[in-house]
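Letter by letter, the sequence shown follows residues 480 to 614 of this note's numbering. Positions of the beta carbon are idealized from the N, C-alpha and C atoms, including for glycine. Predicted model only: the values in this text are computed from it and were never measured. Report on one structure; see the data block that follows.
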Amino acid sequence: MSELIKKLSNLRSLRVLAKDLSLEHLEDIVAKFSSVIEEKKQELSAWKKQEEERLQKLASVKAQIENSGLSKEELAALLLDGVPAAARKKRSQRPAKYRYTDEKGAQKTWTGQGRTPKAIQAALDSGKTLSDFEI
């Protein structure tokens, strides 16, 4: 596909391709290309029109919301009314499984999720096990 695009984009390549074609055949190809270009222009125009209409609707809704005096929280509650609470609710924080002392001497905890803290990793590298840090 990219080879075809290269040939169609290069004037010399087009001349080589057109060398063996008749004038009628070339005019037929040009007519077909013109038709495809016009279709593409119409598609693009229709898409731009739809996008402008969408943006106008959004601006209108935003203005109505601002004029209504609703707070963001009230609006969110209204919009999320049909959504089950489980889908909206964030999961609770995991309980800490490990306790360690960092480089500065502060006691910290780690859930066991994510990147291993540097202090624990250094101890693991020196031969300790995670069970040594369990709470």
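- Distance between beta carbons of Y579 and E613, contact taken as under 8 Å: At roughly 10 Å, the Cβ-Cβ gap does not stay under 8 Å, so E613 and Y579 are not in contact.
- Query: Is the CB-CB distance between L500 and K486 below 8 Å?
  - Reply: Their beta carbons are not under 8 Å apart, which means L500 does not touch K486 by this criterion.
- Message: I'd like to confirm the pairing. Which residues does DSSP put opposite Q586 in its beta bridges?
- Response: Beta-bridge annotation (DSSP): Q586 is paired with T580.
- Measure the CB-CB distance between R573 and T590 and report whether it falls below 8 Å. Yes, these two residues count as a Cβ contact at 8 Å.
- Item | I544 classed as buried or exposed, judged by whether at least 16 other C-beta atoms fall within 10 angstroms | Residue burial is scored here from C-beta neighbours: I544 has fewer than 16 other C-beta atoms within 10 angstroms and is therefore classed as exposed.
- Message: Can you tell me which residues form a DSSP beta bridge with E613?
- Response: According to DSSP, residue pairing for E613 in a beta bridge involves Y577.
- Message: Checking 8 Å against the spacing of the C-beta atoms, do T595 and A575 come in under that value?
- Response: With contacts defined by Cβ atoms closer than 8 Å, T595 and A575 do not form a contacting pair.
- Residue span of the alpha helix (DSSP H) that contains R594, given as start and end: Per DSSP, R594 lies in no alpha helix (DSSP H) and is assigned neither H nor E.
- For N489, which of helix, strand or coil comes out of DSSP? N489: coil per DSSP, three-state reduction.
- Query: For I599, does the count of other Cβ atoms within 10 angstroms reach 16, so buried, or fall short, so exposed?
  - Reply: Its Cβ being crowded by 16 or more others within 10 Å, I599 is buried.
- Any idea what DSSP makes of S524, helix, strand or coil? Three-state result, S524: helix.
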